[in-house]
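Here is the structure we will look at, set down as structure tokens.
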Amino acid sequence: MLTLIPTPIGNLEDISKRAISALKTSEILFCEDTRVTKKLLNLLNIDYKNKEFISMHSHNEDKILQKLDPEILKTKNVGYVSDAGMPGISDPGSKLVKFAQKHNIPYTVIPGPNAAITAFVASGFEGEFIFYGFLPHKGSEREKKLNEVINSQKISILYESPHRIEKLLNELKEKIPNRTIFLAKELTKLHETFIKGKVKDINIENTKGEWVVVIDKGEKANTLSLTYDEILNLPLPKKEKSKLLAKISSKSAKEIYKTL
Numbered sequence: 001m002l003t004l005i006p007t008p009i010g011n012l013e014d015i016s017k018r019a020i021s022a023l024k025t026s027e028i029l030f031c032e033d034t035r036v037t038k039k040l041l042n043l044l045n046i047d048y049k050n051k052e053f054i055s056m057h058s059h060n061e062d063k064i065l066q067k068l069d070p071e072i073l074k075t076k077n078v079g080y081v082s083d084a085g086m087p088g089i090s091d092p093g094s095k096l097v098k099f100a101q102k103h104n105i106p107y108t109v110i111p112g113p114n115a116a117i118t119a120f121v122a123s124g125f126e127g128e129f130i131f132y133g134f135l136p137h138k139g140s141e142r143e144k145k146l147n148e149v150i151n152s153q154k155i156s157i158l159y160e161s162p163h164r165i166e167k168l169l170n171e172l173k174e175k176i177p178n179r180t181i182f183l184a185k186e187l188t189k190l191h192e193t194f195i196k197g198k199v200k201d202i203n204i205e206n207t208k209g210e211w212v213v214v215i216d217k218g219e220k221a222n223t224l225s226l227t228y229d230e231i232l233n234l235p236l237p238k239k240e241k242s243k244l245l246a247k248i249s250s251k252s253a254k255e256i257y258k259t260l
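Each residue of the sequence shown is one higher than the one before, counting from 1 in UniProt numbering.
Next comes the structure, spelled out in structure tokens:
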């Protein structure tokens, strides 16, 4: 049987009794990083000398699953843990679940700590939200995704690294200076930090730590929305038309221009 096991996002006491029990009884542990998992087991005083550890992360999970014998997951107690939080949420895990579903392998998910949900509750915002995880690092993909976030009629939750949090904040200051946002870092740790206010008023002195950014929903705009086909039929020059179409599609203006 396969068990997806959540791990602490900061405080060691984040972990549940059920998760500890699953770690103890697992014969095989798939880990995002075996070193991190072994460190956690040491802190929890769990003996692991007879356990098998298999490193499985975003760069090798396809290769591992291609070679994995489904019978192993049917006949042994197998666990999967990411470095922190819930597996499968901005972490590997979902492909292992699909593998179990495909091969009729019994599996269960133990509920547990999650940075996005924790930050949302701490933000004080109310209503529906969309979780985006990490934005693309740069280029037109980042610009398109960021525009999707700030134009959303729902609360948006992002993850950001200490190396790019200032970049994100500067982008938000340029686009939505008066929008209220909530920033959280070092969640459940000793130096847990919450910052809330209008984007234009927020300055970060210490960027160290993994960040969760919660952005309040945008104002509903009284603007006319056009579909791809409606823009296609507008009496506009090819160049202008391709630029507009690129904003609502995954293709570049150059690619679209060639098809017009």
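Note that beta-carbon positions come from the ideal geometry of N, C-alpha and C, so glycine has one too. Every value quoted in this text rests on a predicted model; they were computed, and no experiment measured them.
With a cutoff of 7 Å on beta-carbon distance, glycine 209 and glutamate 186 are scored as near each other. Where leucine 232 is concerned, the enclosing alpha helix (DSSP H) starts and stops at 228 to 232. When Cβ pairs closer than 8 Å are counted between the two stretches, the region 55 to 74 is seen to touch the region 22 to 36, the count reaching three or more.
Where lysine 24 is concerned, the enclosing alpha helix (DSSP H) starts and stops at 17 to 25. Your pair isoleucine 155 and glycine 127 checks out as a contact, with CB atoms roughly 6 Å apart and the cut at 8 Å. The Cβ neighbour count for glutamate 61, taken over all protein chains shown within 10 Å, is at least 16; the residue is labelled buried. Between valine 214 and serine 123, the gap from beta carbon to beta carbon is short of 7 Å. Around the C-beta of glycine 79, 16 or more other C-beta atoms lie within 10 Å, and the residue is accordingly described as buried. Checking the DSSP bridge columns, you'll see glutamate 52 partnered with Ile28. Within the model, the alpha-carbon separation for lysine 38 versus aspartate 47 is close to 10 Å. The Cβ atoms of leucine 43 and leucine 12 sit closer than 7 Å to each other.
Sequence-distant partners of lysine 175 (beyond 5 residues in either direction) whose C-beta falls short of 7 Å from its own C-beta, in its chain, are Ile150.
For lysine 63, the enclosing alpha helix (DSSP H) starts and ends at 61 to 67. The three-state secondary structure of leucine 96, taken from DSSP, is helix. CA-CA distance, isoleucine 9 to alanine 116, rounds to 11 Å. By the Cβ neighbour-count rule, phenylalanine 99 is buried, with 16 or more other Cβ atoms within 10 Å of its own. Residue pairing by DSSP leaves threonine 37 without any beta bridge partner.
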